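These notes concern the structure reproduced below.
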Amino acid sequence: MSDADLALLPIFLPLIGAAFALIAKAWDSKLSLSLEYIGAASVLLRPSLSWPFSWIAVRSGGLSFIVGSRGNLLGIEQRFDAITWLMDLLGFTGAAFAWLYSRGTKTKGPLFTMLFLLQTAALAATASCADLFNLFVCLELLGMASYALTASSEKGAAFLASFSYLAISSMAMCFFLFGVFGFYQLTGSLSYTAISAALSSLGGEAALPAALSLACLVAATAVRVAVLPVYGWLPDAHAMAPHAVSAVLSGVLIKTPLFALGRLLDIVAKAGGFSAQLAEKSIMLLGIAGSLTALSAVLVALWSKDAGRL
Amino acid sequence: MVERALILILFLLGFYGLIARRNLIKKVYALAIQSAAIVLLFVLEGSRVGSIAPLLDLRVKGSTFVDPLPQALMLTAIVVGVCVSALALSLAYRLYLLYGTLDIEELGNKVDHE
Chain A
73 MSDADLALLP
83 IFLPLIGAAF
93 ALIAKAWDSK
103 LSLSLEYIGA
113 ASVLLRPSLS
123 WPFSWIAVRS
133 GGLSFIVGSR
143 GNLLGIEQRF
153 DAITWLMDLL
163 GFTGAAFAWL
173 YSRGTKTKGP
183 LFTMLFLLQT
193 AALAATASCA
203 DLFNLFVCLE
213 LLGMASYALT
223 ASSEKGAAFL
233 ASFSYLAISS
243 MAMCFFLFGV
253 FGFYQLTGSL
263 SYTAISAALS
273 SLGGEAALPA
283 ALSLACLVAA
293 TAVRVAVLPV
303 YGWLPDAHAM
313 APHAVSAVLS
323 GVLIKTPLFA
333 LGRLLDIVAK
343 AGGFSAQLAE
353 KSIMLLGIAG
363 SLTALSAVLV
373 ALWSKDAGRL
Chain B
-11 MVERALILIL
-1 FLLGFYGLIA
9 RRNLIKKVYA
19 LAIQSAAIVL
29 LFVLEGSRVG
39 SIAPLLDLRV
49 KGSTFVDPLP
59 QALMLTAIVV
69 GVCVSALALS
79 LAYRLYLLYG
89 TLDIEELGNK
99 VDHE
């Protein structure tokens, strides 16, 4: 098995597990339970199977590869580096414990397991994106699984929270697409390395379009990450979701878009010139917003009477 | 220029509908209109580099094809948009079954009083 195959395992194993869980719905209770557990085992066993091997690839500087055999022009660039390894470790560990916890609650069953594994696969795919449109698709897939899981407690408040989460996130992703459009117009490419190479050869007249495009991407990510002041959807969604889902949402899922954006900002910064200044300002802005969010969250928590919102 | 302005108006209409409208179904419509505006923007910009559909024909000489990449990307975006709309409508349906209303403010009040 090559390093690229190992790097794709975190994405494909949960997908295969989700397929098992979906098929489990069609069978009787004993076979259904067996298929569901086989599907979930792909997530639970993943860490012990391949983390040591994939860490070797990370230690040697990370791995960039093109998915599919269509070369640079038509293939999708993926990257497996320290960020990916860390996000996968956090995501799979959190998902494994959360799924085990869900076995003792009312929200369980093949459909729940299928959505949970789909969310985990999308998380792994987002963590290894090195292509802007692929990042959009992975974030949307992550979002859709999250919306459905948030509503899976079947309470009215959960449905309303899920709808608000869906509406706000989808609106944010429309702005994300504006950012993708801007970079494609400027550079003619969607992969991070090609964007960086193109930006380094552009003059100062490209600074404003690049700034507006990056602003759209950062703003959309800020909504998904729920920093001040665009965090309105988060308290209801996390409080009304089942406990297992809430743990994964809070612990891993809302951080994943930030790490994915961080990879883009790092590569844009390496282009030098106005790109480096844009990336630095974006990072500074996100840092300020994050600090204010942490401070306001602590103040709100002091007044909270709901353990879920706490 | 006129096309871009019209697409911007379409996007802003969708944005306004999503923010200002209280009916859940109208919010879903507004989201779909927003997505459609962005799809049109991508396809429009892809069509500016050429004039012929990107189908290989050896009789056609020179680079006169439109950019096929935005169209391919927007097929994916349309599918994603349809899935989001389907999920949103199913949530609206379940809320209507529970509370008998699609007004988001009334739903919020009823949920708070539960």
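Line by line, the protein sequences are chains A and B.
Everything in the first sequence is counted per this note's numbering, starting at 73 for the first residue and increasing by one.
Everything in the second sequence is counted per this note's numbering, starting at -11 for the first residue and increasing by one.
A virtual CB, placed ideally from N, CA and C, is assigned to each residue, including glycine.
All of these numbers come straight from a predicted model, not from anything done at the bench.
Rounded to a whole number of angstroms, what is the C-alpha to C-alpha distance between B:Leu(-6) and B:Leu1? 10 Å
Cβ of A:Ala229 within 8 Å of Cβ of B:Glu94? no
Residues within the stretch 25 to 49 of chain B neighbouring chain A, beta-carbon criterion of under 7 Å: Ile26, Leu29, Phe30 and Glu33
Could you tell me the distance, in whole angstroms, from the CA atom of A:Leu300 to the CA atom of A:Ala287? 16 Å
Flag this pair as yes or no: are the beta carbons of A:Leu211 and A:Pro329 separated by less than 8 Å? yes
Paired residues, beta bridge with B:Val72 - DSSP: According to DSSP, B:Val72 bridges with nothing at all.
Which residue from A:Ser224, A:Phe208 and A:Tyr256 puts its Cα closest to that of A:Arg296? A:Phe208
Taking a Cβ distance cut-off of 7 Å, strictly less, list which residues of the stretch 11 to 26 of chain B are near chain A, in chain order. Leu12, Lys15, Leu19, Gln22, Ser23 and Ile26
Residue(s) in a DSSP beta bridge with A:Ser151: The residue asked about is misnamed: residue 151 of chain A is Arg in this sequence, not Ser. A:Ser136, per the DSSP bridge assignment.
Just the C-alpha distance for A:Val324 and A:Asn206, rounded to the nearest angstrom, thanks. 20 Å
Say whether chain B places a C-beta atom closer than 8 Å to the C-beta of A:Gly228. yes
If we ignore side chains and look at the alpha-carbon of each, how far apart do A:Ala292 and A:Ala112 end up? 32 Å
For A:Phe376, decide whether its Cβ has a neighbour in chain B, counting only Cβ atoms nearer than 8 Å. Here residue 376 of chain A is Ser; the residue named in the question, Phe, does not match the sequence. So, not an interface residue.
Check whether the stretch 235 to 243 of chain A and the stretch 189 to 197 of chain A touch, using three or more Cβ-Cβ pairs below 8 Å as the test. no
Close beta carbons around A:Ala90, own chain, < 6 Å, minus the five adjacent residues each side: Met186, Leu189 and Leu190
For A:Gln395, return the contacting residues in chain B, with the cut-off set at a CB-CB distance below 9 Å. Here chain A covers residues 73 to 382 and nothing more, so residue 395 of chain A does not appear.
Work out the CA separation of B:Val67 and B:Leu43 for me, nearest whole Å. 22 Å
What's the C-alpha gap between A:Ser347 and A:Ser106? 52 Å
Counting only beta-carbon atoms, is A:Phe255 nearer than 8 Å to chain B? no
Between the alpha carbons of B:Ser78 and A:Ala279, how many angstroms are there, rounded? 43 Å
Excluding sequence positions up to five away, which residues of its chain have a Cβ less than 7 Å from the Cβ of B:Tyr103? The requested residue 103 of chain B is not part of the displayed model; chain B covers only -11 to 102.
Could you tell me the boundaries of the alpha helix (DSSP H) in which B:Gly96 lies? Ile92 to His101
Comparing C-alpha positions only, which one of B:Ala74, B:Ala20, B:Ala41 and B:Ser73 sits nearest to B:Ala60? B:Ala41
Evaluate A:Trp375 with the Cβ neighbour count: other Cβ atoms within 10 Å of its Cβ, from every protein chain shown; 16 or more gives buried, anything less gives exposed. exposed
Please determine, among B:Leu57, B:Cys71 and B:Leu83, the residue with the shortest C-alpha to C-alpha distance to A:Phe253. B:Leu57
Cβ-based neighbour list, A:Ala270, same chain, cut-off 6 Å, excluding 5 preceding and 5 following: Thr259
Are A:Gly163 and A:Ala319 closer than 8 Å when you measure CB to CB? no
Among the candidates A:Ala351, A:Gly362, A:Val130 and A:Phe92, whose CA atom is the shortest distance from the CA of A:Ser268? A:Ala351
For a test of the three-state rule: what should DSSP assign to B:Ser39, helix, strand or coil? coil
In three-state DSSP terms, what is A:Asp203? strand
Quick check: is the beta carbon of B:Val54 nearer than 8 Å to any beta carbon in chain A? no
CB of A:Leu249 to nearest heavy atom of the ligand GTP: below 7 Å? The ligand content of the structure shown is nil, which means the ligand GTP is not present either.
Close-in-space but distant-in-sequence residues of the same chain around A:Ala283 (CB under 6 Å, 5 per side omitted): Leu350
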